[in-house]
Amino acid sequence: MRDDPRLTDLVQTSLPRREIEGTASQYLAFHDETRGGSVEKRRQHYAHMVNNFYDLMTDFYEFGWGQAFHFAPRHRGESLAASLARHEFFLALTLGLRPGVRVLDVGCGVGGPMRAIARLSGATIVGINNNDYQVRRAVEQTRAAGLDHLCTVVKGDFMAISPDDRPYDAVYAIEATCHAPDKAKLFSALLRVMRPGACFAGYEWCLTPRYDPGDAGHRAIKSGIEEGAALPELVGFDGVLDPLTRAGFDVVESRDLAPTADPETPWYDPLAARIALRGFHHSRAGRAFTNVAVRGLELIRVAPRGATAVSTFLNRAADAIVRGGETGIFTPMFYFLARKPA
Ligand SMILES: C[S@@+](CC[C@H](N)C(=O)[O-])C[C@H]1O[C@@H](n2cnc3c(N)ncnc32)[C@H](O)[C@@H]1O
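Its first residue numbered 437, the sequence shown is counted upward by one per residue in my numbering.
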């Protein structure tokens with residue numbers, strides 16, 4: 437987590453100022469049926485949709501959350517930062533990462549987890565990410581951390597990844613494959629770049645068995661989360677396990693890790709907290725404050741036109757995610773471990 441988030445960080449956004457408003461409008465249209473938005477359209481134009489989203493959101497995410505763009509189950513007395521790191525290290529432990537092992541990080545964001553896992557394990561990690569701005573941030577941060585010798589960031593679409601000379605010994609994906617328009621196609625591509633016997637572990641955003649498609653409230657939460665996170669469509673656990681199997685993986689284990697958190701500190705707690713002294717900037721009150729501040733900055737033309745729309749939309753997204761957690765119909769931590777047959 438960044439220790440000293442500054443509001444001015446939001447102003448140095450990834451896009452030219454004049455493009456913010458139009459990009460936000462284009463992004464929201466993918467999720468708005470009255471403007472032609474649909475699951476099919478999101479699948480077809482996934483790269484455009486996801487890139488628009490991360491062009492707009494990356495600065496807000498780094499400001500409000502840090503360099504690890506994911507959630508974690510949290511235990512009693514554990515800080516948010518410690519829980520995020522433990523969640524990452526669990527994958528490293530599961531995959532047996534150590535010096536000399538070559539690993540692929542699928543959808544590496546700005547590289548927070550990649551750097552933490554490299555420091556912990558000494559493994560050599562290649563992070564793939566399709567967003568130019570995040571790749572730039574990841575390269576800068578990795579250099580600044582002195583981890584160039586272990587971590588490489590590659591700009592590319594994980595749907596089109598192809599084998600190079602040396603297959604990977606392990607693959608992990610942290611809350612990234614939920615963006616894939618076709619999971620079976622993605623998992624098949626990953627299988628091809630792995631050595632026989634290698635393992636793939638990940639955390640997926642999923643609907644839980646509590647989701648009732650006949651419940652209008654549940655459906656509204658589902659589409660709120662899809663809009664709030666650039667997802668073509670949220671699926672249930674089988675929507676991850678079936679494509680893994682169809683791609684040719686043996687699923688070794690899988691479970692939702694959300695119930696492993698302390699009920700006092702559920703994974704969505706940092707977004708839900710109404711008042712928080714620590715982590716104020718990502719609490720509900722902090723987000724409302726940020727929204728007002730961004731509006732002021734936009735009025736005096738320090739923040740670009742559209743910045744308030746982005747901040748408002750992010751608050752709406754956070755509310756849908758919290759409702760998903762509170763109702764138990766959604767988890768961002770459906771864990772799986774799968775092996776490529778030897
Ligand atoms: C929620 S973020 C998680 C990032 C990172 N794993 C972490 O935990 O900090 C999802 C990431 O997946 C990347 N992504 C989405 N679709 C992609 C694609 N088709 N190819 C490569 N990266 C993609 C996004 O750019 C983003 O960095």
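Beta carbons: idealized from backbone N, C-alpha and C, even for Gly.
Quick caveat, the model's predicted, so the values are computed rather than measured.
- The three-state reading of DSSP puts L643 in strand, counting E and B together.
- With respect to the C-alpha of W501, the residue from E689, D651, P695 and A518 having the closest C-alpha is A518.
- Leaving aside the five residues that flank A504 on each side, the residues in its chain whose CB is nearer than 6 Å to its CB run, in chain order, L520, G548 and P549.
- A distance criterion of 7 Å places the beta-carbon of G500 beyond contact range of ligand 1, judged by its closest non-hydrogen atom.
- For the pair R538 and Y604, the CB atoms are nearer than the 8 Å cut-off.
- Taking the Cβ of Y490 as the reference point, at least one heavy atom of ligand 1 falls within a distance shorter than 7 Å.
- DSSP, reduced to helix, strand and coil, places A616 outside both helices and strands of the structure shown, so it counts as coil.
- Of all alpha-carbon atoms in D593, F594, M493 and I561, the one lying nearest the alpha-carbon of L586 is that of I561.
- In this structure the region 609-618 touches the region 626-643; the number of beta carbon pairs closer than 8 Å is three or more.
- Contact holds between the region 487-496 and the region 562-570, because three or more Cβ pairs, one in each stretch, are under 8 Å apart.
- Cβ contact annotation for D648 (same chain, cutoff 6 Å, sequence separation greater than five): H654, in chain order.
- A distance below 7 Å between beta-carbons, with the five flanking residues on each side excluded, links D584 to the following residues of its chain, in chain order: T578.
- For D674, no beta strand (DSSP E) run applies; the uninterrupted alpha helix (DSSP H) run containing it begins and ends at D674 to A683, by DSSP.
- The C-beta of V589 has 16 or more other C-beta atoms within 10 Å across all chains shown, which makes the residue buried.
- Relative to the Cα of H523, the nearest Cα in the group F507, R512, G760 and G536 belongs to F507.
- For A666, no alpha helix (DSSP H) run applies, since DSSP gives it neither H nor E.
- Its Cα nearest to that of G536, the residue R602 stands out among H481, R512 and R602.
- Secondary structure at D584: coil, using DSSP grouped into helix, strand and coil.
- S598 counts as exposed, since fewer than 16 other beta carbons sit within 10 angstroms of its beta carbon.
- G473 counts as buried, since no fewer than 16 other beta carbons sit within 10 angstroms of its beta carbon.
- Under the 10 Å beta carbon count, E689 is surrounded by fewer than 16 other beta carbons and is classified as exposed.
- If you look at S690, you'll find it in the beta strand (DSSP E) that goes D686 to D692.
- The distance from the Cβ of L693 to that of T530 is about 12 Å, inconsistent with a contact at the 8 Å cut-off.
- A straight-line Cα-Cα distance of about 11 Å links F594 and S624.
- In this model, R573 and R454 are separated by some 21 Å (Cα to Cα).
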